[in-house]
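Heads up, the sequence shown is in our numbering, so the first residue is 22 and it goes up one at a time.
Backbone N, C-alpha and C define an ideal beta-carbon position, used for all residues, glycine too.
This report refers to the structure that appears directly beneath it.
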Amino acid sequence: MLLEVEHLRVAFRMEGVLSVPVRDVSFSVPENGRVALVGESGCGKSLTSLAVGGLVDRAEISGMISGSPRIAYIFQNPMQSLNPVMRVGKQIVEGLRRADPSISDKSAEARVLQLLESVGLPSATTRKFPCELSGGQQQRVMIAMALAQEPDLLIADEPTTALDVTTQKEVLDLVNRVADEHKTAVLLITHNLGLVAQYSKYVNVMYAGEIIERGTVPEVLGSPIHPYTQGLLAAVPRLDLPKDSPLVGIPGTVPPPTDWPSGCAFHPRCPKATAECARAVAKSCMTALR
Ligand SMILES: Nc1ncnc2c1ncn2[C@@H]1O[C@H](COP(=O)(O)OP(=O)(O)O)[C@@H](O)[C@H]1O
Ligand code: SF4
Ligand SMILES: [Mg+2]
22 MLLEVEHLRV AFRMEGVLSV PVRDVSFSVP ENGRVALVGE SGCGKSLTSL
72 AVGGLVDRAE ISGMISGSPR IAYIFQNPMQ SLNPVMRVGK QIVEGLRRAD
122 PSISDKSAEA RVLQLLESVG LPSATTRKFP CELSGGQQQR VMIAMALAQE
172 PDLLIADEPT TALDVTTQKE VLDLVNRVAD EHKTAVLLIT HNLGLVAQYS
222 KYVNVMYAGE IIERGTVPEV LGSPIHPYTQ GLLAAVPRLD LPKDSPLVGI
272 PGTVPPPTDW PSGCAFHPRC PKATAECARA VAKSCMTALR
């Protein structure tokens with residue numbers, strides 16, 4: 022296994038108040054695997070991925086993270102991740118130097134052009150500032166920067182949420198293609214089950230700081246066991262239904278991590294909840310952790 026995360030917990034103490042956004046997360050990523058982490062906003066997906074890379078400050082972190090893949094991230098909003106006052110080429114060189122501090126200026130320059138070409142950008146992009154590029158082009162630069170670090174694992178955290186739908190597909194196809202070429206695993210973090218179906222082989226569904234269902238994509242999306250996963254799937258808009266069919270959603274919102282509900286954290290929103298669910302997760306729902 023390239024990466025194995027077991028019982029990860031990430032907690033913060035703020036002015037005496039304990040917040041535990043990640044309570045108990047276990048998942049693994051095989052070499053060159055395509056794994057998704059999916060769930061609504063506020064479930065703890067980003068924090069999980071940042072903790073895996075050792076990027077969370079001032080937190081109490083416990084659990085086991087084994088395997089030490091070289092990780093590179095692609096974040097949601099490329100404009101916020103890129104340095105606005107540095108030309109694109111220079112920013113990519115920073116990634117190259119992280120992987121190989123002794124690389125010469127000339128080799129770095131040649132490698133930048135190669136990387137730009139592999140993400141479908143013209144060589145002139147090297148002299149541009151991020152504000153001179155479109156959102157899709159900026160995300161391509163982020164992918165080039167990630168590749169420059171020669172990662173074993175690419176963590177793509179909502180990489181296309183800020184992009185329009187056609188650019189979304191181009192960017193994810195690109196991530197998939199470069200990951201194939203470089204034999205890199207991809208952990209795709211998203212709230213979009215359509216993207217999971219298209220780009221992942223294995224899926225972990227997260228709710229309230231825990232993985233509540235996992236399995237292969239056909240298992241989980243084809244026959245979801247947990248009512249939360251069933252709710253997420255029912256909320257995906259369908260083109261095969263009449264135009265006036267009502268949109269289905271999961272009632273309520275994800276509670277704050279300072280105040281997770283007792284027992285099964287989903288019980289206040291679950292259409293199948295019984296009185297017992299406020300004390301413990303029903304056995305039938307636990308089988309979703311195949
Ligand atoms: N550094 C932090 N300190 C305190 N709380 C945080 C921090 N980072 C994230 N959180 C909280 O953790 C929860 C989960 O956040 P996040 O991992 O970003 O969720 P997701 O990516 O699933 O939307 C949120 O309620 C957020 O406010
Ligand atoms: S344990 Fe109960 S509340 Fe939780 S998902 Fe299952 S049925 Fe719903
Ligand atoms: Mg997030």
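Indicate, with yes or no, if ligand 1 has a heavy atom lying under 8 Å from the CB of residue i.
i	result
arginine 79	yes
lysine 64	In the sequence as presented, lysine is not what sits at residue 64; that position holds cysteine. Under cutoff, so the answer is yes.
proline 277	yes
glycine 60	yes
phenylalanine 33	yes
proline 282	no
serine 67	yes
methionine 227	yes
valine 217	no
valine 43	yes
Might you give, ordered along the chain, the residues of its own chain that have their beta carbon closer than 6 Å to the beta carbon of residue i, omitting 5 neighbours on each side?
i	result
threonine 69	Val43 and Val46
glutamate 249	It is tyrosine, not glutamate, that sits at residue 249 in the sequence shown. Excluding positions up to five away in sequence, the list reads Tyr228, Ile233 and Phe287.
alanine 188	Here the sequence assigns threonine to residue 188, which means alanine is not the residue at that position. If we look at threonine 188 and ignore the five residues flanking it on each side, its Cβ neighbours are Gly157.
phenylalanine 33	Ser40 and Ala80
threonine 279	Val38 and Ser40
threonine 182	Gln97
threonine 146	Val109 and Leu137
Within the same chain, show all residues whose beta-carbon is closer than 7 Å to that of residue i, passing over the 5 residues directly before and after it, in chain order.
i	result
isoleucine 159	The question names isoleucine, but residue 159 is glutamine in the sequence shown. Once the five neighbours on either side are set aside, the close Cβ partners of glutamine 159 are Pro99, Met100, Leu103 and Pro151.
alanine 72	Leu29, Val31, Val43 and Ile82
serine 221	Arg55, Val56, Ala57, Leu209 and Val238
lysine 66	Leu58, Gly60, Ile210 and Met227
proline 212	Before going further, note that residue 212 is histidine rather than proline in the sequence given. Contacts found: Val59, Gly60, Glu61 and Ser62.
glutamine 170	Arg91, Ala93, Gly116, Arg119 and Ala120
Could you give the DSSP three-state label for residue i: helix, strand or coil?
i	result
histidine 28	strand
isoleucine 271	coil
methionine 22	coil
asparagine 213	coil
glutamate 171	coil
alanine 93	strand
leucine 154	coil
methionine 107	coil
arginine 44	strand
leucine 137	helix
serine 244	coil
serine 70	helix
valine 186	helix
serine 305	helix
valine 50	strand
aspartate 201	helix
arginine 290	helix
aspartate 265	coil
So does residue i have its beta carbon nearer than 8 Å to some heavy atom of ligand 2?
i	result
tyrosine 220	no
serine 244	no
Between residue i and ligand 3, is the CB less than 8 Å from at least one heavy atom?
i	result
aspartate 178	yes
glutamine 101	no
alanine 83	The sequence as given places serine at residue 83; alanine does not occur at that position. Serine 83 Cβ: outside cutoff for every heavy atom of ligand 3.
isoleucine 210	yes
glutamine 170	no
glutamine 158	no
glutamine 97	yes
Among all the DSSP beta bridges, which residues are the ones paired with residue i?
i	result
asparagine 225	Leu58 and Arg235
aspartate 178	Ile210
valine 38	Met35
methionine 85	Glu27
leucine 310	Arg235
valine 257	Valine 257 pairs with nothing; no bridge assigned.
Using C-beta distances below 8 Å, list every residue in its chain close to residue i, excluding the 5 sequence neighbours before and after it, in chain order.
i	result
alanine 129	Val114, Leu117 and Arg118
cysteine 64	Met227, Tyr228, Ala229, Gly230 and Val275
aspartate 178	Lys66, Ser67, Ser70, Tyr94, Ile95, Phe96, Gln97 and Ile210
Using a Cβ cut-off of 9 Å (strictly closer), state whether residue i contacts chain C.
i	result
valine 257	The structure shown contains no chain C; it is built from a single protein chain.
So if I measure from each beta-carbon to every heavy atom of ligand 2 and keep distances below 5 Å, which residues remain? Pro248, Cys285, Phe287, His288, Cys291, Lys293, Ala294, Cys298, Val302, Ala303 and Cys306
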